[in-house]
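J.: The following block contains the structure, expressed as structure tokens.
2 protein chains.
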Amino acid sequence: MAPMNLSRLCVHTMTTKPWSLTECCWHYAQAGIPHMTIWRNVLEGLDLKEAAGVVADHGLAVTSLCRGGFFPSTDTEKRAAAIDDNKRAIEQAAALGAPLVVLVCGADPGQSLEKSRKQIQEGIAGLLPFAETHDVRLAIEPLHPMYAGDRSAINTLGQANDMAEALDSPWVGIAVDVYHLWWDPDLETEIHRCGRQHNLLAFHVCDWKTPTTDLLLDRGLMGEGCIHLKKIRQWVEAAGFDGPIEVEIFSSRYWEQDQESYLRQIVEAYEEYC
Amino acid sequence: MAPMNLSRLCVHTMTTKPWSLTECCWHYAQAGIPHMTIWRNVLEGLDLKEAAGVVADHGLAVTSLCRGGFFPSTDTEKRAAAIDDNKRAIEQAAALGAPLVVLVCGADPGQSLEKSRKQIQEGIAGLLPFAETHDVRLAIEPLHPMYAGDRSAINTLGQANDMAEALDSPWVGIAVDVYHLWWDPDLETEIHRCGRQHNLLAFHVCDWKTPTTDLLLDRGLMGEGCIHLKKIRQWVEAAGFDGPIEVEIFSSRYWEQDQESYLRQIVEAYEEYC
Chain A
44 MAPMNLSRLC
54 VHTMTTKPWS
64 LTECCWHYAQ
74 AGIPHMTIWR
84 NVLEGLDLKE
94 AAGVVADHGL
104 AVTSLCRGGF
114 FPSTDTEKRA
124 AAIDDNKRAI
134 EQAAALGAPL
144 VVLVCGADPG
154 QSLEKSRKQI
164 QEGIAGLLPF
174 AETHDVRLAI
184 EPLHPMYAGD
194 RSAINTLGQA
204 NDMAEALDSP
214 WVGIAVDVYH
224 LWWDPDLETE
234 IHRCGRQHNL
244 LAFHVCDWKT
254 PTTDLLLDRG
264 LMGEGCIHLK
274 KIRQWVEAAG
284 FDGPIEVEIF
294 SSRYWEQDQE
304 SYLRQIVEAY
314 EEYC
Chain B
44 MAPMNLSRLC
54 VHTMTTKPWS
64 LTECCWHYAQ
74 AGIPHMTIWR
84 NVLEGLDLKE
94 AAGVVADHGL
104 AVTSLCRGGF
114 FPSTDTEKRA
124 AAIDDNKRAI
134 EQAAALGAPL
144 VVLVCGADPG
154 QSLEKSRKQI
164 QEGIAGLLPF
174 AETHDVRLAI
184 EPLHPMYAGD
194 RSAINTLGQA
204 NDMAEALDSP
214 WVGIAVDVYH
224 LWWDPDLETE
234 IHRCGRQHNL
244 LAFHVCDWKT
254 PTTDLLLDRG
264 LMGEGCIHLK
274 KIRQWVEAAG
284 FDGPIEVEIF
294 SSRYWEQDQE
304 SYLRQIVEAY
314 EEYC
């Protein structure tokens with residue numbers, strides 16, 4: 044067997060949710076995984092400098108911090124609180140050496156999607172000086188239309204491109220996640236557009252299972268579903284992206300299993316299907 | 044209170060799934076509901092003439108038969124079987140006086156969405172002479188992208204419009220269901236396009252709940268969720284549609300309740316939110 048080339052593999056701490064930050068770092072490093080994306084839940088109760096030290100001690104590079112966003116609300120105070128929370132996320136990213144904060148932009152079912160999108164755009168625009176000061180970029184992540192009700196009013200790459208281009212700043216771009224976007228007939232075109240505008244900042248992979256039994260926690264391991272991952276990766280690379288390939292899987296089923304053997308499956312699936 | 048105007052209200056038999064065809068007819072008529080859409084499960088074990096008699100005896104008009112479709116497959120024999128089944132649906136519709144068969148077009152996770160769409164288009168094209176002979180039209184129903192894996196490779200009204208226009212026949216059009224399409228930023232534009240091409244054949248309503256706890260069986264009653272029903276109805280009517288407003292709700296929760304009081308809730312929700 045050829046030696047595996049994992050130089051572009053990144054794993055999200057949420058993918059191996061049962062593990063602490065230290066456990067993630069230790070196991071990823073042992074498995075030869077060079078990149079990680081840190082979800083904020085693993086930082087709870089930790090001193091940020093200490094957390095950055097753990098990451099550095101294991102030689103891991105931090106691809107991004109997940110997640111900021113959730114800008115829209117019918118409630119002015121909640122919108123202000125979201126801005127504060129996003130600033131905190133930017134500070135955390137800077138402290139951890141993460142060049143990027145991924146934004147799950149939010150939606151409030153009590154108002155129209157158009158209004159939520161307007162609040163998202165205003166929210167991001169207001170954060171850009173803070174992002175620049177901290178040398179951290181923001182990535183709009185379009186979410187699958189099944190999340191339009193309450194998680195994101197940005198549901199296609201076309202909409203994310205529209206917003207990133209309207210904001211027109213080197214501090215904002217887009218995270219392309221195959222789980223959210225695979226079904227879109229305009230995906231190839233919009234990926235090229237995203238790359239052309241230098242907005243393609245991150246690439247997340249997993250798979251879409253049939254049947255899918257839960258709206259949130261039943262994502263598949265690469266190769267387990269119907270997403271043509273290699274084709275989408277080709278589009279993304281033709282659009283100029285050469286960053287880490289990030290494995291982001293929410294799965295009650297996998298979280299119940301032994302995480303060490305699951306991490307081996309992730310590495311194998313990455314090699315075979317990505 | 045003003046007397047209720049239910050002249051355009053239609054209920055799908057699947058909405059009150061616990062009821063037989065006869066029970067649906069009896070209760071809908073009692074409630075003053077003039078239109079019904081018949082799902083094929085309630086026809087099982089019934090003679091078609093007898094079924095048509097039950098419907099006629101209660102003075103109900105049949106809006107459509109649900110459902111045909113499921114054209115794509117990697118297996119040639121399954122594709123042929125689907126054509127046969129669609130012919131049977133057309134015959135059933137004709138026997139029941141339904142002018143329309145709604146198509147859930149299908150998708151096979153073992154092949155690309157493009158290939159599935161090609162098979163859908165070929166399948167429908169092949170059925171058109173049979174549909175014409177039986178004086179029954181076919182309605183492509185675009186399904187929410189969360190069903191792209193295995194239920195429908197047609198996930199936006201734009202795609203349905205493309206296909207209906209390519210087929211270019213008075214025997215094929217489109218069913219617009221708010222549940223599947225509400226999130227689409229191009230919805231208004233595509234509804235107008237659909238009407239302009241005389242392809243808008245049916246209009247289905249329910250609501251999108253937040254949170255939604257099941258991919259199939261957690262639809263909301265109108266007013267319970269975040270869909271701006273009146274706005275979409277306005278678009279549909281501005282596009283020339285003046286047919287029945289069809290209430291199609293799959294909901295384990297409502298099916299467990301007393302169906303008579305649920306039907307009263309449906310009538311009230313129709314009056315208030317549609």
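Residue numbers (my numbering), protein chains in the order written: chain A, 44 to 317; chain B, 44 to 317.
The C-beta atom is built at its ideal place from N, Cα and C for all residues, glycine as well.
None of the values given here were measured: they were computed from a predicted structure.
1. So what's Val54 (chain A) in DSSP terms, helix, strand or just coil?
2. Report back the beta-carbon spacing between Ile167 (chain A) and Leu181 (chain A) to the nearest angstrom; my notes put them in contact at under 8 Å.
3. Kindly list, in the order they appear in chain B, the residues whose Cβ is closer than 7 Å to that of Ser155 (chain A).
4. Using three-state DSSP, classify Val98 (chain B) as helix, strand or coil.
5. Decide if the region 131-145 of chain A is in contact with the region 62-72 of chain A; the criterion is three or more beta carbon pairs, one per stretch, under 8 Å apart.
6. From the DSSP output, which residues share a beta bridge with Met79 (chain A)?
7. CA-CA distance, Glu134 (chain A) and Ala218 (chain A)?
8. Work out the CA separation of Asp257 (chain A) and Glu267 (chain A) for me, nearest whole Å.
9. Helix, strand or coil for Leu89 (chain A) per DSSP?
10. For Gln202 (chain B), return the contacting residues in chain C, with the cut-off set at a CB-CB distance below 7 Å.
11. By the criterion of Cβ-Cβ separation under 8 Å, what are the contact partners of Trp69 (chain B) in chain A?
12. Anyone know if the C-beta pair for Thr58 (chain B) and Leu64 (chain B) falls short of 8 Å?
13. So is His235 (chain B) in contact with chain A if we call contact Cβ pairs under 8 Å?
14. Output needed for Thr255 (chain B): all residues of its chain with C-beta closer than 7 Å, excluding positions within five of it in sequence on either side, in chain order.
15. On the three-state DSSP scale, how would you describe Gly166 (chain B)?
16. According to a CB-to-CB cut-off of less than 7 Å, which residues of the region 182-203 of chain B neighbour chain A?
17. Considering only the beta carbon of each residue, do Leu243 (chain B) and Ala282 (chain B) sit closer than 8 Å?
18. Would you report the Cα separation of Glu314 (chain B) and Cys53 (chain A), rounded to the nearest angstrom?
19. In chain order, which alpha helix (DSSP H) runs of at least 4 residues are fully inside the region 105-180 of chain B?
20. Would you list, in chain order, the members of the region 256-267 of chain A that have their beta-carbon closer than 7 Å to a beta-carbon of chain B?
21. Tell me whether the beta-carbon of Gly149 (chain B) lies closer than 8 Å to the beta-carbon of Phe113 (chain B).
22. Just to confirm the assignment, what range does the alpha helix (DSSP H) spanning Gly238 (chain B) have?
23. Between which two residues does the beta strand (DSSP E) containing Gly216 (chain A) stretch?
24. What three-state label does DSSP hand Met44 (chain A) in the structure shown?
25. So which of A:Asp211, A:Gln202 and A:Ser212 has the shortest CA-CA distance to Leu230 (chain A)?
26. Quick one: using the 10 Å Cβ neighbour count with 16 as the cut-off for buried, is Gln300 (chain B) buried or exposed?
27. Would you say Pro254 (chain B) reaches chain A, if we count a Cβ-Cβ gap shorter than 8 Å as a contact?
28. Can you check which of these residues, A:Leu156, A:Lys60, A:Ser107 and A:Cys269, is closest to Trp225 (chain B) by C-alpha distance?
29. Going by alpha carbons, who is nearest to Tyr222 (chain A) out of A:Phe246, A:Pro213, A:Cys237 and A:His241?
30. Check the Cβ of Trp251 (chain A) against every Cβ in chain B and list those closer than 7 Å, keeping chain order.
31. To the nearest angstrom, how far is it from the Cα of Gly96 (chain A) to the Cα of Leu89 (chain A)?
32. Using DSSP with H/G/I as helix, E/B as strand and the rest coil, what is Glu291 (chain B)?
33. Which chain A residues sit within Cβ distance under 9 Å of Pro152 (chain B)?
34. Buried or exposed: which applies to Gln302 (chain B), given that a residue is buried once 16 or more other Cβ atoms fall within 10 Å of its Cβ?
35. Counting only the same chain and skipping the five closest in sequence on each side, list residues whose C-beta sits under 6 Å from that of Gly111 (chain B).
36. Taking buried to mean at least 16 other C-beta atoms within 10 Å of its own C-beta, is Gly102 (chain B) buried or exposed?
T.: In brief:
1. Mapped onto the first sequence, residue 54 (chain A) falls at position 11. In the displayed model, Val54 (chain A) falls within a strand according to three-state DSSP.
2. As a first step, residue 167 (chain A) is located in the first sequence; it is residue number 124 there, counting from the start. As a first step, residue 181 (chain A) is located in the first sequence; it is residue number 138 there, counting from the start. Yes, Ile167 (chain A) and Leu181 (chain A) are in contact; Cβ-Cβ is about 6 Å, under 8 Å.
3. As a position in the first sequence, residue 155 (chain A) is number 112, starting the count at 1. Residues of chain B whose Cβ lies closer than 7 Å to the Cβ of Ser155 (chain A) are, in chain order, His271.
4. Residue mapping note: residue 98 (chain B) aligns to position 55 of the second sequence, counting from 1. DSSP places Val98 (chain B) in the helix class (H, G or I) of the three-state scheme.
5. No, because fewer than three Cβ pairs between the region 131-145 of chain A and the region 62-72 of chain A fall closer than 8 Å, the two stretches do not touch.
6. Looking up residue 79 (chain A) in the first sequence gives position 36. Paired residues: A:Val54 and A:Val105.
7. For the purposes of this step, residue 134 (chain A) is identified with residue 91 of the first sequence, where counting begins at 1. For the purposes of this step, residue 218 (chain A) is identified with residue 175 of the first sequence, where counting begins at 1. Going by the C-alpha atoms only, they are around 20 Å apart.
8. Taking the first residue of the first sequence as position 1, residue 267 (chain A) is located at position 224. Taking the first residue of the first sequence as position 1, residue 257 (chain A) is located at position 214. One alpha carbon belongs to Glu267 (chain A), the other to Asp257 (chain A), and they sit about 16 Å apart.
9. As a first step, residue 89 (chain A) must be located in the first sequence, where it is residue number 46. Leu89 (chain A): coil per DSSP, three-state reduction.
10. Given the protein chain composition of this structure (A and B), no chain C is represented.
11. Within the second sequence, numbered from 1, the residue matching residue 69 (chain B) stands at position 26. Taking a Cβ-Cβ threshold of 8 Å, none of the residues of chain A is close to Trp69 (chain B); the smallest such distance is about 35 Å.
12. For this step, residue 58 (chain B) is matched to residue 15 along the second sequence. For this step, residue 64 (chain B) is matched to residue 21 along the second sequence. With respect to the 8 Å criterion, Thr58 (chain B) and Leu64 (chain B) are not classified as neighbours on the basis of their beta carbons.
13. Start at 1 with the first residue of the second sequence, and residue 235 (chain B) comes out as number 192. Look at His235 (chain B): its C-beta is not under 8 Å from any C-beta on chain A.
14. For the purposes of this step, residue 255 (chain B) is taken as the residue at position 212 of the second sequence. For Thr255 (chain B), where only same-chain residues beyond five positions count, the Cβ hits under 7 Å are Asp261.
15. Sequence index remark: in the second sequence, residue 166 (chain B) carries index 123 (1-based). DSSP places Gly166 (chain B) in helix when its eight states are reduced to three.
16. Along the region 182-203 of chain B, the positions whose C-beta sits under 7 Å from a C-beta of chain A are His187, Pro188, Met189, Ala191, Gly192, Asp193, Asn198 and Gln202, read in chain order.
17. Translated into the one-based positions of the second sequence, residue 243 (chain B) becomes position 200. Translated into the one-based positions of the second sequence, residue 282 (chain B) becomes position 239. The answer is yes: Cβ separation under 8 Å.
18. Within the second sequence, numbered from 1, the residue matching residue 314 (chain B) stands at position 271. Within the first sequence, numbered from 1, the residue matching residue 53 (chain A) stands at position 10. Per the coordinates, the alpha-carbon of Glu314 (chain B) lies some 53 Å from the alpha-carbon of Cys53 (chain A).
19. Correct list: 119-139 and 156-176.
20. So the list reads Leu258, given in the order they occur along the chain.
21. In the second sequence, the residue the question calls residue 149 (chain B) occupies position 106. In the second sequence, the residue the question calls residue 113 (chain B) occupies position 70. The Cβ atoms of Gly149 (chain B) and Phe113 (chain B) lie closer than 8 Å to each other.
22. Sequence index remark: in the second sequence, residue 238 (chain B) carries index 195 (1-based). First-last of the alpha helix (DSSP H) with Gly238 (chain B): Leu230 to Arg239.
23. For the purposes of this step, residue 216 (chain A) is taken as residue 173 along the first sequence, with counting starting at 1. Run containing Gly216 (chain A): Val215 to Asp220, per the beta strand (DSSP E) assignment.
24. Position 1 of the first sequence holds residue 44 (chain A). Model confidence at Met44 (chain A) stands at a pLDDT of 49, short of 50, so the residue's coordinates are unreliable; what they give is reported in the following sentence. Looking at Met44 (chain A) - three-state DSSP - the assignment turns out to be coil, as it is neither helix nor strand.
25. The residue you call residue 230 (chain A) lines up with position 187 of the first sequence. Per the Cα distances, A:Gln202.
26. Reading the second sequence from its first residue, position 257 is the one you call residue 300 (chain B). The residue is exposed, with fewer than 16 neighbouring Cβ atoms inside 10 Å.
27. As a position in the second sequence, residue 254 (chain B) is number 211, starting the count at 1. Yes, contact with chain A.
28. The sequence position of residue 225 (chain B) within the second sequence is 182, counting from 1. Looking at A:Leu156, A:Lys60, A:Ser107 and A:Cys269, the one whose alpha-carbon comes closest to that of Trp225 (chain B) is A:Leu156.
29. Along the first sequence, one-based indexing puts residue 222 (chain A) at 179. The shortest Cα separation from Tyr222 (chain A) among A:Phe246, A:Pro213, A:Cys237 and A:His241 belongs to A:Phe246.
30. Residue numbering aside, residue 251 (chain A) sits at position 208 when the first sequence is read from its first letter. The contacting residues are Gly192.
31. On the first sequence, position 53 is the one that residue 96 (chain A) refers to. On the first sequence, position 46 is the one that residue 89 (chain A) refers to. Straight-line Cα distance between these residues: approximately 11 Å.
32. The count along the second sequence starts at 1 and reaches residue 291 (chain B) at position 248. For Glu291 (chain B), the secondary structure class from DSSP, reduced to helix, strand or coil, is coil.
33. Counted from its first residue, the second sequence places residue 152 (chain B) at position 109. Within 9 Å Cβ-Cβ: Trp251, Lys252, Thr253, Gly268 and Cys269.
34. As a working note, residue 302 (chain B) is residue 259 in the second sequence. By the 10 Å Cβ count, Gln302 (chain B) comes out buried.
35. By 1-based counting over the second sequence, the position of residue 111 (chain B) is 68. Correct list, in chain order: Asn129, Ala132, Val144 and Leu146.
36. Against the second sequence, residue 102 (chain B) aligns to sequence position 59. Flag for Gly102 (chain B) reads exposed.
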